[in-house]
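Peer 1:
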Amino acid sequence: MTTSTYHRPSSSLTLHHDTWSAAVNESEQVHLQLGGPGEMTVVFASATASTPSEVSWECLNCAVPTSGNVTGKAHAYSTLMYFTKYLTAPALGAPYATDAQIVALQNTSSWAFDPFYASEQGDSYSDSAKPQFGLGAYSNPQEVYTSPVLHTVRLQNLTGGTTYAYRVAGSERLFNFSMPVNGFNFSSPYPFVLALTADLGQTAASKANVLNLLQIATSEGPGRGVALLSGDLSYADGYGPRWDSYARMMEPLASAVPVMVTGGNHEFGDGEAWTAYNARYPMPSESSGSVSNLWWSRDIGPVHIIALCSYAATAAGSLQYEWLASDLAAVDRQSTPWLLVMMHAPWYNSNSGHIAEAELMRRDMEPLLFQYGVDVVLSGHVHAYERVAPVLNGCLNSCGPVYLNLGDGGNYEGTYIPWREPQPPWSEFRESSFGVGGLRILNESHAQYSWQRSSCEGSEDPTHINFNQSCESILWNQYGRPVDNSQFANVTSDVTWIVRPRPLPNPGLCPLPADLSPQTACSVVLLPLPPSPPEPPSPPPQPSPPQPPPSLPAQFGLGVVVGTAVAGTVCGGALVALALLIIIPWSRRKLPARPLIEPLNPLSSSTVTLVTGGNAEHTHAA
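Using the UniProt record's numbering, the first residue of the sequence shown is number 1, and each one after it goes up by one.
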């Protein structure tokens, strides 16, 4: 599905991938997804159906040597190909195919006639010398893609924090993974790290980000990390062989770390219709009470993760809405103190791309996420990076979730420019480049979040990818050379604290406003901040039991209670009588730019964002 509004000249390179790798004579495309509790799903592909659907495994750090052999199921599918112009002229990266290669599939003049009836031309006859873009012809078998055999094997009764070696049938390669720890059923689930991305695709920028995701997801040791991809995986866009080349690119990450995904428009449009996505990436839907692979949930470490579908019904009474309401109500915040939601299309977005596409979904579901105290919402779709402060219905609200838009995975459509002005009060950081995020959860209240740039669009190289650390995205189009107009265009990283309020959910502390119609102005009563306490120590890596630091909001404050006096004021009748929404100013501890895998320590400076009448005032304190 074409989503970019920009037009760029084609690259001069050519690159083509067969359905099956000619250099590999064995099973490949190995990837992991978490199943239900204690389960890991292994998916791999083979060229023939004679390869059994089997995985042999061995526990590497069990007190008693344990091993086994598990049998699963095999299937294949066929789809009608779709041809997009990005196959031959991508905005970013090398072309996947040439015009001649596409014409070779579409030109049927050598065979589409009846040899037994005066060589009469058939319905599928075509002698076009130019590629035809769009959905292929069902009457032309050359435009039909048939997948390799896809094997799905479920390993069960696995132990959190344990490392397992495994081998798939048809391959001599040995892989291993560590089962994620299980909340408070483990001695301590902290620290735990989530490697974050979306809109990945399969360019050189994508591959660099895959390696960065692997480094982040494994940075805290065995069983303490997973990767989350919020939609738009392969950018196959209906051209089936690209699902195979994508899985090969992902194998170094996905064979070692479970990559949990939700679908995007590129899994749905351009003839995809979820066929390849559902066949290749089974999510834990059944174990979470869902009737669809498109929405699911699971406890992973100290986090309850919910995946939603931006391209299914979301209104009250719909299957997805009713499931979400039920799932949120059942979350055990003692076992999983952190609550995270991932979807594809963002609810809050100040970029010029994909404006308000998810507005109906936001209106349908935002009250539920606020009511149950969701901490973080992940999305993609917009090919840029943006971090959004806690917000509800367009107004800063310390009880709302932090939104992380991570559509900067590096796909062939390139980055999105320009950003809309003025920058909204809720937009904390934004830039148009490529990178990945990492959320390191340190205890039940504190998480360190980092985003790191890996590349930009704008190189003179034919692939238009610039891996220089100081790069800035520059696009070539019919209007000249537009550049990233964000104030952070040259900033290489975004590092901050995310702190959960205590206790949560607490309807008295965070009441849902009666009026949730879209707001054009935000009237906010500001509570005075208490005196700053002494500089707190770095959050301990494994607190037992985890304890929130005293007088939290002056330093961190994601909608936290600032003491009994302030809490009493929030819940008291004086402000309620004024019928005004009270929002505790949200402040964040600025942190130095460091590699994502290193521990982060708070410094002595902080930034407090105050909002009045829809305008933001930024106060910087040394």
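Heads up, the beta-carbon is just placed ideally off N, CA and C, and yes, glycines get one too.
Quick caveat: nothing in here was measured; it's all calculated off a predicted structure.
Jot down the residue ranges of each uninterrupted beta strand (DSSP E) in the segment 81-130, minimum 3 residues, whole runs only, in chain order.
Peer 2: The qualifying runs do not exist here; there are none.
Peer 1: With DSSP collapsed to three states, give me the class of residue 55.
Peer 2: Strand, per DSSP.
Peer 1: When burial is assigned at 16 or more other CB atoms within 10 Å of the CB, is residue 62 buried or exposed?
Peer 2: Exposed, since its Cβ has fewer than 16 Cβ neighbours within 10 Å.
Peer 1: Check the DSSP bridge columns for residue 42 and list the partner residues they point to.
Peer 2: Beta-bridge pairing links residue 42 to 32, 153.
Peer 1: Looking at the secondary structure, which residues open and close the alpha helix (DSSP H) in which residue 448 lies?
Peer 2: Element bounds for residue 448: not the alpha helix (DSSP H) but the beta strand (DSSP E), 446-457.
Peer 1: Would you kindly work out how many angstroms separate the C-alpha atoms of residue 490 and residue 131, rounded to a whole number?
Peer 2: Between residue 490 and residue 131, the C-alpha separation is close to 40 Å.
Peer 1: Name the DSSP beta bridge partners of residue 338, please?
Peer 2: According to DSSP, which records beta bridges pairwise, residue 338 is partnered with 303.
Peer 1: Would you check if the segment 342-360 and the segment 371-382 touch, i.e. whether three or more CB-CB distances between them fall below 8 Å?
Peer 2: Flag = yes, the segment 371-382 and the segment 342-360 touch.
Peer 1: Apply the 10 Å Cβ neighbour rule to residue 75 and answer buried if 16 or more other Cβ atoms are within range, or exposed otherwise.
Peer 2: Residue 75 comes out exposed.
Peer 1: Assess, as a yes-or-no matter, whether the segment 398-409 is touched by the segment 191-204 under the definition of 3 or more beta carbon pairs within less than 8 Å.
Peer 2: Output reads yes: the segment 398-409 touches the segment 191-204.
Peer 1: For residue 203, count neighbouring C-beta atoms within 10 Å of its own C-beta (all shown protein chains included) and say buried if the count is 16 or more, exposed if not.
Peer 2: The residue in question, residue 203, is buried, as its Cβ has 16 or more Cβ neighbours within 10 Å.
Peer 1: Quick one: what's got a C-beta closer than 6 Å to residue 178's C-beta in the same chain, skipping five residues either side?
Peer 2: Cβ within range, chain order: 163, 222, 223.
Peer 1: Taking 6 Å as the limit between beta carbons, can you name the residues of its chain near residue 283, skipping five residues before and five after?
Peer 2: Excluding sequence neighbours, residue 283 sits near 293, 296.
Peer 1: Do residue 486 and residue 453 have their C-beta atoms within less than 8 Å of each other?
Peer 2: Not a contact, by the Cβ cut-off of 8 Å.
Peer 1: When the distance is taken between beta carbons, is residue 71 closer than 8 Å to residue 54?
Peer 2: Yes, the pair counts as a contact, with Cβ atoms nearer than the cut-off.
Peer 1: Are residue 228 and residue 253 touching if we call contact CB-CB under 8 Å?
Peer 2: Going by C-beta atoms, residue 228 is not nearer than 8 Å to residue 253.
Peer 1: What's the gap between the Cα of residue 182 and the Cα of residue 271?
Peer 2: Their backbone Cα atoms lie some 39 Å apart in a straight line.
Peer 1: Tell me, to the nearest whole angstrom, how far the beta carbon of residue 124 is from that of residue 139; I am working on the premise that it is less than 8 Å.
Peer 2: Sure, about 4 Å apart at Cβ, within 8 Å.
Peer 1: Quick one: using the 10 Å Cβ neighbour count with 16 as the cut-off for buried, is residue 500 buried or exposed?
Peer 2: Buried.
Peer 1: Assign residue 155 to one of two classes, buried (16 or more other C-beta atoms within 10 Å of its C-beta) or exposed (fewer than that).
Peer 2: Per the 10 Å Cβ criterion, buried.
Peer 1: DSSP three-state label for residue 591, please.
Peer 2: With a pLDDT of 36 at residue 591, under the threshold of 50, the predicted position of this residue should be treated as unreliable, though the coordinate-derived value follows. In this structure, residue 591 counts as coil in the three-state DSSP scheme.
Peer 1: Per DSSP, residue 494 is paired with what?
Peer 2: For residue 494, which the question treats as bridged, DSSP gives the partners 451.
Peer 1: How would you label residue 533, buried or exposed, when you count the other beta carbons within 10 angstroms and need 16 or more for buried?
Peer 2: Low local confidence applies: a pLDDT of 39 at residue 533 is under 50, so the model's placement there is unreliable, and no value is given.
Peer 1: Please report the straight-line C-alpha distance between residue 257 and residue 165, rounded to a whole angstrom.
Peer 2: Computed Cα separation, rounded: 12 Å.
Peer 1: Quick one: measure Cβ to Cβ for residue 268 and residue 30, integer angstroms, because I've assumed they're closer than 8 Å.
Peer 2: Wrong, their Cβ atoms sit about 25 Å apart, outside the cutoff.
Peer 1: On a CA-only basis, which of 387, 150, 368 is nearest residue 350? Give me that one, please.
Peer 2: When only C-alpha atoms are compared, the closest one is 387.
Peer 1: Check whether the segment 362-372 and the segment 420-439 touch, using three or more Cβ-Cβ pairs below 8 Å as the test.
Peer 2: Verdict: no, contact absent.
Peer 1: Taking Cβ to Cβ, would you say residue 44 is nearer than 8 Å to residue 58?
Peer 2: No, Cβ-Cβ distance for residue 44 and residue 58 is not below 8 Å.
Peer 1: Which partner residues does residue 431 have in the DSSP bridge list?
Peer 2: Beta-bridge pairing links residue 431 to 385.
Peer 1: Distance check for residue 513 and residue 316, CA to CA, integer angstroms please.
Peer 2: If you take the alpha carbons of residue 316 and residue 513, they lie about 18 Å apart.
Peer 1: Under three-state DSSP, which class holds residue 203?
Peer 2: Of the three classes helix, strand and coil, the one that applies to residue 203 here is coil, per DSSP.
Peer 1: Give the secondary structure of residue 287 by DSSP, where H, G and I count as helix, E and B as strand, and everything else as coil.
Peer 2: Correct three-state label for residue 287: helix.
Peer 1: Ignore the nearest five residues each way along the sequence and tell me which others in residue 338's own chain have a CB closer than 8 Å to its CB.
Peer 2: Contacts found: 302, 303, 304, 375, 376, 441, 444, 447, 500.
Peer 1: Closest by CA to residue 353, which one among 168, 330, 432?
Peer 2: Among 168, 330, 432, the Cα nearest to that of residue 353 belongs to 432.
Peer 1: Within the continuous beta strand (DSSP E) that includes residue 179, where are the two ends?
Peer 2: Counting along the chain, residue 179 falls outside any beta strand (DSSP E), and DSSP gives it neither H nor E.
Peer 1: Return the CA-CA distance between residue 216 and residue 385, expressed in angstroms with no decimal places.
Peer 2: Going by the C-alpha atoms only, they are around 18 Å apart.
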